[in-house]
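Peer 1:
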Amino acid sequence: ARSNTAFGRSLLALLGGGKLDEEAWEDVEDTLIASDLGVEAATQLVDKLKQRVSAEGTTDEETMRGWLREDLIELIDPSMDRRISSRRLEDRPAVLLVVGVNGTGKTTTVGKLARVMVAEERKVLLGAADTFRAAAADQLQTWGARVGVDTIRSDKEGADPAAVAFDAVKAGQESDADVVIIDTAGRLHNKANLMDELGKIKRVIEKRSPIDEVLLVLDATTGQNGLKQAEVFAQVVNVTGIVLTKLDGTAKGGIVVGVQRQLGVPVKLVGLGEGPDDLAPFDPATFVDALLD
Amino acid sequence: MFNNLSDRLTLTFKNLRSKGRVTDSDINATIRDIRVALLDADVSLPVVRAFTSRVRERALGAEVHEALNPGQQVVKIVNDELVEILGGQTRPIRLAKQPPTVIMLAGLQGSGKTTLAGKLGYWLKQQGHTPMLVAADLQRPNAVTQLEVVGERAGVPVFAPERGNVAGYDAAVEYGSGTRGYGDPITVARQGVAEAQRQQRDVVIVDTAGRLAIDTELMQQAADIRSAIEPDEVLFVVDAMIGQAAVDTAVAFSDGVDFTGVVLSKLDGDARGGAALSIAHVTGRPIMFASTGEQTKDFEVFHPDRMASRILDMGDVLTLIEQA
Ligand SMILES: Nc1nc2c(ncn2[C@@H]2O[C@H](COP(=O)(O)OP(=O)(O)OP(=O)(O)O)[C@@H](O)[C@H]2O)c(=O)[nH]1
Ligand SMILES: Nc1nc2c(ncn2[C@@H]2O[C@H](COP(=O)(O)OP(=O)(O)OP(=O)(O)O)[C@@H](O)[C@H]2O)c(=O)[nH]1
Ligand SMILES: [Mg+2]
Ligand SMILES: [Mg+2]
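Order-wise, the sequence lines are chains A and B. Using the working numbering, the letters of the first sequence correspond one by one to residues 1 to 293. Using the working numbering, the letters of the second sequence correspond one by one to residues 1001 to 1324.
1) On the three-state DSSP scale, how would you describe leucine 215(A)?
2) Roughly how many whole angstroms lie between the Cα atoms of phenylalanine 132(A) and serine 1025(B)?
3) Residues in the same chain with beta-carbon distance under 8 Å from arginine 2(A), minus the five sequence neighbours each way, listed in chain order, please.
4) Give the secondary structure of valine 296(A) by DSSP, where H, G and I count as helix, E and B as strand, and everything else as coil.
5) Of all the CB atoms in chain B, is at least one closer than 8 Å to the CB of isoleucine 84(A)?
6) Are the C-beta of isoleucine 242(A) and some C-beta of chain B separated by less than 8 Å?
7) Report yes or no: do the region 73-85 of chain A and the region 164-171 of chain A share at least 3 C-beta pairs separated by less than 8 Å?
8) Taking Cβ-Cβ distances below 7 Å as the criterion, which residues of the region 245-256 of chain A are in contact with chain B?
9) Per DSSP, which residues does serine 1265(B) bridge with? Please list them.
10) Using 8 Å as the limit for Cβ to Cβ distance, is serine 1053(B) near chain A?
11) Between the alpha carbons of arginine 1310(B) and glycine 1273(B), how many angstroms are there, rounded?
12) Please identify, using Cβ separations under 9 Å, the residues of the region 1239-1250 of chain B that lie next to chain A, in order along the chain.
13) Closer than 6 Å by C-beta to leucine 215(A): which residues in its own chain qualify, once you throw out the five before and the five after it? Chain order, please.
14) Run through chain B and tell me which residues come within less than 9 Å of aspartate 212(A), C-beta to C-beta.
15) In chain order, what residues of the same chain lie with their CB nearer than 7 Å to the CB of leucine 1039(B), ignoring the 5 residues before and after it?
16) Between which two residues does the beta strand (DSSP E) holding glutamate 26(A) run?
17) Starting from the beta carbon of leucine 89(A), find every residue of chain B whose beta carbon is closer than 8 Å, and list them in chain order.
18) So, does the CB of threonine 184(A) fall closer than 8 Å to a CB anywhere in chain B?
19) Who does serine 1291(B) pair with in a DSSP beta bridge?
20) Taking all protein chains shown into account, do 16 or more other C-beta atoms lie within 10 angstroms of the C-beta of aspartate 293(A), making it buried, or fewer, making it exposed?
21) Can you name, in chain order, every residue of its own chain whose Cβ lies under 7 Å from the Cβ of glycine 1112(B), other than the five neighbours on each side?
22) Valine 301(A) and alanine 114(A) look like a contact to me (Cβ under 8 Å); what is the Cβ gap, rounded to whole Å?
23) Which stretch, first to last residue, makes up the alpha helix (DSSP H) that contains proline 1070(B)?
24) Would you say the beta carbon of arginine 1054(B) is closer than 7 Å to some non-hydrogen atom of ligand 4?
25) How about valine 1188(B): is its C-beta nearer than 8 Å to some C-beta of chain A?
Laid out in C-alpha cells, this is it:
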C-alpha cells in the first residue's frame, strides 16, 4: 500500500504541475525498482509509458496506471502454457525434477505439489535426491507422510544423488505411479562441481525415462542475482517452468519478469506459505496488481 | 558495454580530463552511474537515495573540484562512505560476565540459521569454548533432526527435548500462513539455557524457526523467546542474495527481536550483496560474520573493505584510483 501511495502521489504531482516533472517519473520508476524488477526493465517501462502519455495526452491517473499494468502483463505473456505434467504418458509415470539454489523452497514445493496431485487422485512417488544437506531426506519424507505418499531415499549420508533419482524413477515405473517428483539439493549456480552433479542426475534419470518437467524454484526475496541463477540452471538442465516461492512475504518477486523473458519459460506456480495447501497457479494479472500495489 | 561501475567512472572521468575542469553536471552524471551500480547490486532504494545524496554533497565540495584528479577523488569518497557504513562498528561476540553466553539466531525462512548454528558452534569450540546448540525450531519438517546432524558434524552437543515437526506428530498450534507449531519453542529455549548452565557449558546457541517480516504472530513468538532467554547476542541471519526486501525485513526483525548483529549467508555465491549496505545503513547494527558455504568450516569474520568492493564490483579499488 505504501508504494501504491507513492504511485498515486507522483502521478498527481506530475499532473498538478501541468508539466512532465522528471522527479515524478522517477518515483514511478522507483515503485518498479522496489519490486526487484531491475533498473533496466523499470527504465524501459517508464520510457514507454512516458511516450504514450505524451502521444495521447492523457491527464487521467487511472488511465496511466492501466497502461503500465497492460505493459507489465504483456511482458509476462499470459498466453504461455502454465500447466504442470502430472499424468502418465505412454504407459510410464511423468517425471518432475525440482532444482534451485539453497533454501529457496524446493523440498516444500515438492511436498505441496504432491498434495495437489494426491487430491487429483494421482499416484505420486517422491525421490529424495538431496543426499547432502543435513536431514534433507527426512524433511522430504515427513512431507510425504503428511500428504500420504511414499519417498524413495538412501539411508547413507552422502549417497550418489543420481542413483537415488534413478531408483525413484524405476520404483515409480514398477509401481505404476502417475508421477515421480525428484527433490534435489540446493546448489549455488557458480559452483561448477555441484552444477556438474546436477547435470549427471539429469542424464542418469534419462537413461530410464524422459524428464517431463524441470522446475526452477526461485525465492521471491531474491534480487538481481536471480537472473544469473536462471541462466546457469537453464544451461545445465532444461528448465521448463519457474516456481516463485515465499510470495506471502513483503517481497514482490519482480525478478521473475526478467527471468521468464530470459529463459522463455513461464512461471507456473507460486508458493504462499509453509503449509501443504499454500501453492497456487501463477496468475499474471494478480502478480502485476501486487507489483503495482 | 561497460558492465561495472569502475569502467563507467573511468570513462566519465577520461572525458572530463580532456575538458580540464569538473562541473556540477559532471558530478551529477557520476552520481547517476553510482545509483545504477548500487541498485544493480541490490542496495535498497531508500538507502541508495540517502547514500548518493551524501556522496553528492561531498563530491560537490572543494575536495573534488580542487583535486588534481577528480575521478580518483569521487571513487575514494564512494569507497570510504561504503566502508564506513559497512564496518563502522565491527566488534567481536559479546560474552556474558556470568556464563553461559546466550546467542539467539533469527531470520527469514531458509536464510541459513541452522547451518550457521553448527558453524558458530564449531568456531567457538576451536577457540576453547564449550558451546551447546538448542533446537527451538518446532515448525519446519525435521528442523530438529537437521540441527542434530549439524551438531554432530560440528562436534557440538545439541539439546532437543522436543521432536518438532516429524511424521506421526500432530500440530499443537496453527499459525497464520499455513505454518504449524509442534511444541512450545519458548519453553525449549528456556530449558536449553538452564541445561547449558547445569552442564557448565559457556555458550548456548538457540536455533529458531524461519519467519516472515510481516508475520506478526511469529514475530511475537520470536520476541517472546528473546525475553525468555535474555540473549547476549541476537544474530539476524540474512541471505546475501536478498533484493529490495532487505530494508523491510531488517526493520521488522530489528523491531521484533532487536537483533544485536548481522550474519550474511551464502556469500560464496556471486550475488553482489547490496543488502549488507542496506541493513547496516537502516539498523546501524554491525555485520559480524560471513557464511561462505554449506560445510561447518565455511565461516569467517566479516570484512567491510572486501564487501565494499564487491558491492561496487570494483575489483581492486586502488588500481582504479591509480588509473583515474
Ligand atoms: N513463508 C513461506 N515459507 C516457505 C515457502 N516455501 C518454503 N518456505 C520455507 O522456506 C524454508 C526453506 O524451504 P525448503 O523447502 O527446505 O527449501 P529448499 O530449497 O528445499 O532448501 P535446500 O534443500 O536446503 O536448498 C523452510 O522453512 C520452508 O518452510 C513459502 O512459499 N512461503
Ligand atoms: N552455499 C551456501 N549455502 C548455505 C550457506 N548457509 C546455509 N546454506 C544452505 O542454505 C540452505 C538453508 O539453510 P538452513 O540452515 O536450513 O536455513 P534456515 O535459516 O535454518 O532455514 P529455516 O529453518 O527453514 O528457516 C541449506 O541448503 C544450507 O545448506 C552458505 O553460506 N553458503
Ligand atoms: Mg531441500
Ligand atoms: Mg533452520
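C-beta atoms are modelled at their ideal positions from N, C-alpha and C, and glycine is treated no differently.
Peer 2: So, from the listed chains and residues:
1) To locate residue 215(A), count along the first sequence from 1; it is residue 215. Looking at leucine 215(A) - three-state DSSP - the assignment turns out to be strand.
2) In the first sequence, counting from the first residue as 1, residue 132(A) sits at position 132. In the second sequence, counting from the first residue as 1, residue 1025(B) sits at position 25. Roughly 54 Å between the two C-alpha positions.
3) As a working mapping, residue 2(A) is identified with position 2 in the first sequence. Below a pLDDT of 50, predicted positions are generally treated as unreliable, and arginine 2(A), at 36, falls in that range; the measurement from the model is reported next regardless. Excluding residues within five positions, none has a Cβ falling inside 8 Å.
4) Nothing can be reported for residue 296(A), as the shown portion of chain A is limited to 1 through 293.
5) Locating residue 84(A) in the first sequence gives position 84, where the first residue counts as 1. No, no contact with chain B.
6) What you label residue 242(A) is simply residue 242 of the first sequence in a count that begins at 1. It does not; no Cβ of chain B falls within 8 Å.
7) no
8) Lys246, Asp248, Gly249, Thr250, Ala251 and Ile255
9) Within the second sequence, the letter at position 265 stands for residue 1265(B). Answer is Asp1239(B).
10) Within the second sequence, numbered from 1, the residue matching residue 1053(B) stands at position 53. Output row for serine 1053(B): interface = no.
11) Numbered from 1 along the second sequence, position 310 holds the residue referred to as residue 1310(B). Numbered from 1 along the second sequence, position 273 holds the residue referred to as residue 1273(B). Going from the Cα of arginine 1310(B) to the Cα of glycine 1273(B) covers about 8 Å.
12) Asp1239, Ala1240, Met1241, Ile1242, Gly1243, Gln1244, Ala1245, Ala1246, Asp1248 and Thr1249
13) Locating residue 215(A) in the first sequence gives position 215, where the first residue counts as 1. Cβ neighbours of leucine 215(A) beyond the five flanking positions: Val98, Gly241 and Val243.
14) Taking the first sequence and counting its residues from 1, one reaches residue 212(A) at position 212. Correct list: empty, because the minimum Cβ distance to chain B is about 26 Å.
15) By one-based count along the second sequence, residue 1039(B) stands at place 39. Counting only Cβ-Cβ distances below 7 Å, and skipping sequence neighbours, we find Val1048.
16) Taking the first residue of the first sequence as 1, we reach residue 26(A) at position 26. First-last for glutamate 26(A): 22-33, but that is the alpha helix (DSSP H), not the beta strand (DSSP E).
17) As a working note, residue 89(A) is residue 89 in the first sequence. Per Cβ cutoff of 8 Å: no residues; leucine 89(A) is ~30 Å from chain B at best.
18) On the first sequence, residue 184(A) is found 184 positions in, with the first residue counted as 1. No - not a single Cβ of chain B is within 8 Å of the one on threonine 184(A).
19) Taking the second sequence and counting its residues from 1, the one referred to as residue 1291(B) is at position 291. Answer is Phe1299(B).
20) Position 293 of the first sequence, counted from the start, is the residue given in the question as residue 293(A). That one is exposed.
21) As a first step, residue 1112(B) must be located in the second sequence, where it is residue number 112. The answer, listed in chain order, is Val1237, Asp1239, Ser1265, Lys1266 and Ser1291.
22) A question about residue 301(A) goes unanswered here, because the residues of chain A that appear run from 1 up to 293.
23) Walking along the second sequence from the start, residue 1070(B) turns up at place 70. Residues 1070-1087.
24) Taking the first residue of the second sequence as position 1, residue 1054(B) is located at position 54. No, the beta carbon of arginine 1054(B) sits no closer than 7 Å to any heavy atom of ligand 4.
25) As a first step, residue 1188(B) must be located in the second sequence, where it is residue number 188. No, valine 1188(B) does not count as interfacial toward chain A.
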